[in-house]
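A.B. asks:
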Amino acid sequence: MFPHVHAALRRIQREVAQVLDAAQIAAACQEVGYRFRRRVLDPVTTIHLFVIQILNGNFAIARLKDFTDRAFSEGAYCRARGRLPVRVLQTLLQRLGTALRPTLDDDQGRWHGQRTFHVDGSAFSMPDTPELQKEFGQPGNQRPGCGFPVAHLLTLFHASTGFLLKVMAAPLRTHDMYQVAHLHPELEAGDILIGDRAFCSFAHFALLCARQLHGVFRAHQKLIISFRPGRACNGPGSGRHRKGLPCSCWLRRLGVRDQVVEYFKPKTCPDWLSPAEYAALPASLTLRELRYQIHQRGCRTKQVTLVTTLLDPELYPAQALADLYGQPWQSETNLRHLKQTMKMDVLHCETVAGVLKELTVFALVYNLVRAVMHAASVRQEVPVDRISFADALG
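Residues in the sequence shown are numbered from -9 upward in steps of one, following the numbering used here.
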């Protein structure tokens, strides 16, 4: 009845394939309290058809008749998707994450014995309806009525396997920091979060440290960083603010352009934290700053400055940290697979609930494809990044 989805699931490890069988879908419906009548398009059939759409490039509903022998109208399928609660799909995505947990904990994919994750932001567009315009907004360079709604997207990828642990949509003009704290519960003590300069702030480092997590972020462009030992600073008690001086206090030198400094809590609370949450943060943090050169031909950036909680230069040499941060292109590649290979750059649903369902199924299918790639890499004894995502999808 569903040849394409069955063919895809047969290539996936047994415990992962069970996430989408009828029993698991029924259990997810029961878990969220969703009751339904027995009909042609019950939740099992609807979700399988939904997955078929995404697996085959999110094609138009009219093509579904080529993938099943069930008889139903396009309107009936749209209503069936409308009845399906988004929490059912989110529960299935969580169950898939649980099934993939042994793969995430595999020692072979760790960096210096620790799991690493990439956080990255992006965007996607959707149909021009009043509901979506009100919820997500559109780019400011477009006149009202002449553009399409665009949503801000925040993702959390497992660095070694590329699995998508969390995906979140928000209005277009939403800074990454407004959502990043919701990603922290997906991590465990000792995990390392890697991101660009948007995530480099005192408050974010403090939240990570409170959960015993580590961060490696590119220094924000507004940070003044000096590697001169014993240099003056604009920290607390330093008197009048002097222009051009760092706000961090120098503590010790670890190497050439590698130092340990003390960051102090700014007086102003960021918009994405409540005053009570900000008041609970420590007054200062001990962090590490390091800078390295990039000699790659054609690369516009010639030097990168990192800020991290990984202070030990013997356990975490500067070059190893530079190599670790040099891998975020993997998250960009993963996002490109989501948005281009799987065609998630433009969603089709015309309601907010529909967009969230569509986004969740994209994440579900993406992880199923990643599971296929991981199983293939194990069988062929090659790194997972040597396996073609497009081939695994097809």
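All residues carry an ideal CB built from backbone N, CA and C; glycine is no exception. Here the structure is a predicted model, which means the values were calculated and not measured.
1) When we look at the beta-carbon of residue 231 and count the other beta-carbons within 10 Å, is it buried (16 or more) or exposed?
2) Can you give me the C-alpha to C-alpha distance between residue 246 and residue 165, rounded to a whole angstrom?
3) For residue 265 and residue 193, which I take to be in contact (beta-carbon distance under 8 Å), what is that distance rounded to the nearest angstrom?
4) Pull up the distance between the alpha-carbon of residue 16 and that of residue 378, whole angstroms please.
5) Is residue 247 helix, strand or coil by DSSP?
6) What's the gap between the Cα of residue 211 and the Cα of residue 236?
7) Looking only at its chain, what residues have a beta carbon closer than 6 Å to the beta carbon of residue 19, apart from the 5 residues adjacent to it on each side?
8) Check for me: the alpha helix (DSSP H) holding residue 347 runs from which residue to which?
9) One question on the structure: do residue 271 and residue 299 come within less than 8 Å of each other, judged by their Cβ atoms?
10) Using only CA atoms, which one of 53, 206, 326 lies nearest to residue 104?
11) Would you say residue 185 lies against chain C (beta-carbon separation less than 8 Å)?
12) To the nearest whole angstrom, what separates the beta carbons of residue 143 and residue 113, a pair I think is in contact under 8 Å?
13) Give the DSSP-derived three-state secondary structure of residue 158 in the structure shown.
14) Among 68, 43, 178, 47, whose alpha-carbon lies nearest the alpha-carbon of residue 58?
15) Expressed to the nearest angstrom, what Euclidean distance is found between the alpha-carbon atoms of residue 159 and residue 255?
16) State the CB to CB distance for the pair residue 134 and residue 122, rounded to an integer number of angstroms; the pair is presumed to be in contact (CB under 8 Å).
17) Could you give the DSSP three-state label for residue 381: helix, strand or coil?
18) Suppose you measure from the CA of residue 53 to the CA of residue 330; what does that come to, to the nearest Å?
19) Which word fits residue 190, buried or exposed, when buried means at least 16 other C-beta atoms lie within 10 angstroms of its C-beta?
20) Please report how far the alpha carbon of residue 238 lies from the alpha carbon of residue 153, in whole angstroms.
21) Which whole-angstrom value is the C-beta distance of residue 279 and residue 249, which I expect to be below 8 Å?
22) Quick one: is residue 347 buried, meaning 16 or more other Cβ sit within 10 Å of its Cβ, or exposed?
23) State whether the segment 117 to 132 contacts the segment 347 to 357, with contact taken as three or more CB pairs (one from each stretch) at a distance under 8 Å.
24) Nearest CA to the CA of residue 220: which residue from 342, 200, 242, 327?
25) Mapping the DSSP letters down to three states, classify residue 56 as helix, strand or coil.
26) Which runs of the alpha helix (DSSP H) spanning at least 4 residues fall entirely within the segment 79 to 164, listed in chain order?
27) Leaving out the 5 sequence neighbours to the left and right, which residues in its chain are closer than 6 Å to residue 116 when beta-carbon positions are compared?
28) What's the gap between the Cα of residue 258 and the Cα of residue 201?
29) Expressed to the nearest angstrom, what Euclidean distance is found between the alpha-carbon atoms of residue 21 and residue 132?
30) Give me the Cα-Cα distance between residue 281 and residue 294, rounded to the nearest whole angstrom.
31) Could you tell me which whole alpha helix (DSSP H) segments of length 4 or greater appear in the segment 15 to 48?
32) Residue 313 to residue 183, Cα distance in whole Å?
33) Closest to residue 297 by CA distance: which of 284, 225, 180, 275 is it?
34) Closest to residue 96 by CA distance: which of 222, 323, 368 is it?
35) Apart from the five residues on each side of it in sequence, which residues of its chain come closer than 7 Å, Cβ to Cβ, to residue 171?
36) For residue 67, which three-state DSSP category applies?
C.D. replies: In this structure, then:
1) In the sequence shown, counting from the first residue as 1, residue 231 sits at position 241. In summary, residue 231 is exposed, with fewer than 16 beta-carbon neighbours lying within 10 Å of its beta-carbon over all protein chains present.
2) As a first step, residue 246 is located in the sequence shown; it is residue number 256 there, counting from the start. As a first step, residue 165 is located in the sequence shown; it is residue number 175 there, counting from the start. Those two C-alpha atoms are separated by around 34 Å.
3) Counting from one through the sequence shown, the residue named residue 265 turns up at place 275. Counting from one through the sequence shown, the residue named residue 193 turns up at place 203. Rounded, the Cβ-Cβ distance is 12 Å, inconsistent with contact.
4) Position 26 of the sequence shown, counting from 1, holds the residue named residue 16. Position 388 of the sequence shown, counting from 1, holds the residue named residue 378. One C-alpha to the other measures close to 33 Å.
5) On the sequence shown, position 257 is the one that residue 247 refers to. Reduced to three states, the DSSP call for residue 247 is coil.
6) Here residue 211 corresponds to residue number 221 of the sequence shown, with the count starting at 1. Here residue 236 corresponds to residue number 246 of the sequence shown, with the count starting at 1. Roughly 13 Å between the two C-alpha positions.
7) Within the sequence shown, numbered from 1, the residue matching residue 19 stands at position 29. Once the five neighbours on either side are set aside, the close Cβ partners of residue 19 are 33, 78.
8) Here residue 347 refers to the residue found at position 357 of the sequence shown. Going by DSSP, residue 347 is part of the alpha helix (DSSP H) stretching over 342 to 370.
9) Counted from its first residue, the sequence shown places residue 271 at position 281. Counted from its first residue, the sequence shown places residue 299 at position 309. Contact flag unset, no.
10) As a position in the sequence shown, residue 104 is number 114, starting the count at 1. Nearest C-alpha to residue 104: 206.
11) Absent from the structure is chain C; it holds one protein chain and no more.
12) The count along the sequence shown starts at 1 and reaches residue 143 at position 153. The count along the sequence shown starts at 1 and reaches residue 113 at position 123. Right, their Cβ atoms sit about 6 Å apart.
13) Locating residue 158 in the sequence shown gives position 168, counting from the first residue. Three-state result, residue 158: strand.
14) Position 68 of the sequence shown, counted from the start, is the residue given in the question as residue 58. Residue 58 has its Cα closest to that of 43, out of 68, 43, 178, 47.
15) In the sequence shown, counting from the first residue as 1, residue 159 sits at position 169. In the sequence shown, counting from the first residue as 1, residue 255 sits at position 265. The straight-line gap from Cα to Cα measures roughly 29 Å.
16) Residue mapping note: residue 134 aligns to position 144 of the sequence shown, counting from 1. Residue mapping note: residue 122 aligns to position 132 of the sequence shown, counting from 1. With a Cβ gap of about 14 Å, residue 134 and residue 122 do not count as contacting.
17) Counted from its first residue, the sequence shown places residue 381 at position 391. DSSP places residue 381 in helix when its eight states are reduced to three.
18) As a working mapping, residue 53 is identified with position 63 in the sequence shown. As a working mapping, residue 330 is identified with position 340 in the sequence shown. Between residue 53 and residue 330, the C-alpha separation is close to 21 Å.
19) Taking the first residue of the sequence shown as 1, we reach residue 190 at position 200. So residue 190 ends up on the buried side.
20) The sequence position of residue 238 within the sequence shown is 248, counting from 1. The sequence position of residue 153 within the sequence shown is 163, counting from 1. Rounded to the nearest angstrom, the two C-alpha atoms are 36 Å apart.
21) Taking the first residue of the sequence shown as 1, we reach residue 279 at position 289. Taking the first residue of the sequence shown as 1, we reach residue 249 at position 259. Sure, about 6 Å apart at Cβ, within 8 Å.
22) As a first step, residue 347 is located in the sequence shown; it is residue number 357 there, counting from the start. Buried: at least 16 other Cβ atoms inside 10 Å.
23) no
24) By 1-based counting over the sequence shown, the position of residue 220 is 230. Closest option to residue 220, Cα to Cα, is 242.
25) Residue mapping note: residue 56 aligns to position 66 of the sequence shown, counting from 1. In the structure shown, residue 56 sits in a helix (DSSP, three-state: H, G or I).
26) Runs found: 120 to 126.
27) Locating residue 116 in the sequence shown gives position 126, where the first residue counts as 1. When the five nearest sequence neighbours on each side are left out, the beta carbons in the same chain lying within less than 6 Å of the beta carbon of residue 116 are those of 122, 139, 337, 345, in order along the chain.
28) As a first step, residue 258 is located in the sequence shown; it is residue number 268 there, counting from the start. As a first step, residue 201 is located in the sequence shown; it is residue number 211 there, counting from the start. Approximately 23 Å, taken between the alpha carbons.
29) One-based indexing of the sequence shown puts residue 21 at position 31. One-based indexing of the sequence shown puts residue 132 at position 142. Their backbone Cα atoms lie some 43 Å apart in a straight line.
30) Counting from one through the sequence shown, the residue named residue 281 turns up at place 291. Counting from one through the sequence shown, the residue named residue 294 turns up at place 304. Approximately 6 Å between the Cα atoms of the pair.
31) 33 to 45
32) Walking along the sequence shown from the start, residue 313 turns up at place 323. Walking along the sequence shown from the start, residue 183 turns up at place 193. Roughly 14 Å between the two C-alpha positions.
33) Within the sequence shown, residue 297 is the residue found at index 307, counting from 1. The residue with the shortest Cα to Cα distance from residue 297 is 275.
34) Locating residue 96 in the sequence shown gives position 106, where the first residue counts as 1. The candidate whose alpha carbon is nearest that of residue 96 is 368.
35) Taking the sequence shown and counting its residues from 1, the one referred to as residue 171 is at position 181. So the qualifying residues of the chain are 197.
36) Taking the sequence shown and counting its residues from 1, the one referred to as residue 67 is at position 77. Helix, per DSSP.
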